[in-house]
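Protein chains in written order, with numbering that gives the first Met the number 0: chain A, 0 to 304; chain B, 0 to 225. Backbone N, C-alpha and C fix where the C-beta goes; we use that ideal spot for every residue, glycine too. Remarks on the structure that follows.
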Amino acid sequence: MRNLFRIFKFAIQGFFRNFWLSVVTVTMMLMAVLSVTLLISFDYIKQTTIEGVEQKIDVLISIKPEVSSDQVENLANDLDDLAEVKKVRIITPDENREIFIQSNLDDKTREALDIFEENENPFNYSLTVQAYNLDQYSVILNFVKDNKYNDLVEETMHRDYSIFVSKINDLSILVNRYSWYIVLIFILISIIVIFNTIRISIYSRRNEISIMKLVGASNWFVRTPFLLEGVFYALASVLIAMAIFYPVLNFIQPSLNSYFQGEQVINLVSYFGEHWLWIFGLQFIVLSFLNIISTAVAIRRYLKV
Amino acid sequence: MIKINNLTKNYDKEVFALRDVNLYVKPGEFISVVGQSGSGKSTLVKLVIAEEKADSGEIVIGGWNITKIKNQEVPTLRRQLGVIFQDFKLLPKKTVLENVAFAMEACGFSSDEIKKTVGQILSLVGLKGKESRYPHQLSGGEQQRVAIARSMVHKPKLLVADEPTGNLDSINTREIVDLLRKINRLGTTVVLVTHNRDVVNNLRERVVTLDNGYIISDQTQGRYLL
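Next up, the structure:
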């Protein structure tokens, strides 16, 4: 216990008293942490973009003018009972009118509404239906085309972004496949950089190590503070990365808020808020492990005194 | 205290550092080992502190045959010796107090014991009041005093001093040699390795002269021969 306390004390002293050496080492590790965090951000943005586009796909069912609200509700319920349907939304005639007014039509088109009295509404009910995945829209369209609903449905429009989505998916598969190579190359470069940084750090303190050995310190007593210093380097670089990353996220988040209209948003702040422990905790553990291994390897030759 | 029998060490097939050396040092003795550069003095020190291993012969220190000492036993041996070097070998990022305390911390002494002993030893070597200074804030003589304090703090029976005055001026040299004599009078065996003629001649103690790896002279109250 006494020795553990001393080792902890020596590690803290070593970290702060070799200040510039620590700054250089932490900076190198900080680069690695920031790069990995950026990779994670890009992955989240890619995933959210695909989900956002997928949410834009739906079937719009226009209802005939004479259909009552109860009949519309029954149709909506029938659709909702389908296993393929994720969400059904009824758009009332008033809502349709409002959407028409708010839509980006020119003034002349909007003026077309003026020929109607104020209590007159030329718009009917309509339904928007979303499926769980792209293949299920054909099932929904066939269901609505059934004779049973001929008296209700005026027309169906499938806002089909499937080609776009499939292209994004293809790109995503491609990116995922090559991102593994990129990540592997990156990890390799990080390992080499971190190992060499630690090696240089230990090399510059080799005399210190030999002196400790000459005054009777055991290998364990000399080595362990250096291993612990490696953990401190990892902790410092991860904490600094967080201190840099979160303000930057808060700064860029407003410009991401309007990227998608609707429920789907690219919310990096909330993503990193919810997953901070996983993202930065794992990086800390991996970096600490890497530092410990690098230190153990680098220090070995200088302990032979 | 030290028994060296037929000790041989060579770094190369052609180059012998020590050849068939026999040396006996009694407890409490003050012995100077002298010789020119390359005579084998430093090799002898390295063998005694197990920094190197002998090719043949044997070394016994305080009854412990260290000729074939295992790596994990080396720290135990060094904790029983005090060693000082020409270049002081102080830890640059530790204060005077921390440098001296480190030797005790490595031995596992308690904090109370360290606090008490370090204070006493720093007073003995004349460094009271300079505990919180770093080595670069001290003169050469003061740095060597710190090294002596560190080597003595765990009360070893044997002190090996390898050219301790090599980097010092004549005043500091005299002070350091006086300190070594004081330590010897307190009962510690001192082996002083030096090529400083004046130091050896003034000591009037036992002098062992090495030349080309051989002991060529061993005088009880000797003088620097070469």
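| Item | Value |
| --- | --- |
| Within 9 Å of chain B by C-beta, residues of the region 208–229 of chain A in sequence order | Ser209, Ile210, Met211, Lys212, Leu213, Val214, Gly215, Ala216, Ser217, Asn218, Phe220, Val221 |
| Residues sharing a beta bridge with Met305/A, DSSP | One cannot answer for residue 305/A here, as it falls past the ends of chain A, which runs 0 to 304. |
| As assigned by DSSP and simplified to three states, the class of Thr223/A | helix |
| Distance CB(Val95/B)-CB(Lys129/B) smaller than 8 Å | yes |
| Phe87/B burial status per 10 Å Cβ neighbour count (16 or more: buried) | buried |
| Residues that Val82/B contacts on chain A, provided the C-beta gap is smaller than 8 Å | Leu213, Val214 |
| Any C-beta of chain A under 8 Å from that of Pro134/B | no |
| Contact set between Leu90/B and chain A, taken where Cβ atoms lie within less than 8 Å | Glu207, Ile210, Met211 |
| Rounded Cβ spacing between Asn290/A and Ile193/A (contact assumed at less than 8 Å) | 7 Å |
| Interface flag, Pro163/B vs chain A, CB-CB below 8 Å | no |
| Nearest-angstrom Cα separation, counted from Ile186/A out to Ile48/B | 44 Å |
| Selection from Leu112/A, Leu29/A, Thr127/A, Gln129/A that minimises the alpha carbon distance to Pro121/A | Leu112/A |
| Touching by the beta-carbon criterion (3+ pairs, under 8 Å), the region 27–40 of chain B and the region 72–82 of chain B | no |
| Glu13/B (DSSP reduced to helix, strand or coil) | coil |
| Met30/A and Leu286/A closer than 8 Å at C-beta | no |
| As assigned by DSSP and simplified to three states, the class of Ala240/A | helix |
| Ile60/B, enclosing beta strand (DSSP E) - first and last residue | 55–60 |
| Gln129/A in three-state terms, based on DSSP | strand |
| Backbone secondary structure at Gln85/B - three-state DSSP | coil |
| Close beta carbons around Val189/B, own chain, < 6 Å, minus the five adjacent residues each side | Phe29, Leu158, Leu179, Asn183 |
| Residues from the region 118–130 of chain B in contact with chain A, defined by Cβ distance under 7 Å | none |
| Chain B within 8 Å of Gln252/A, Cβ atoms only | no |
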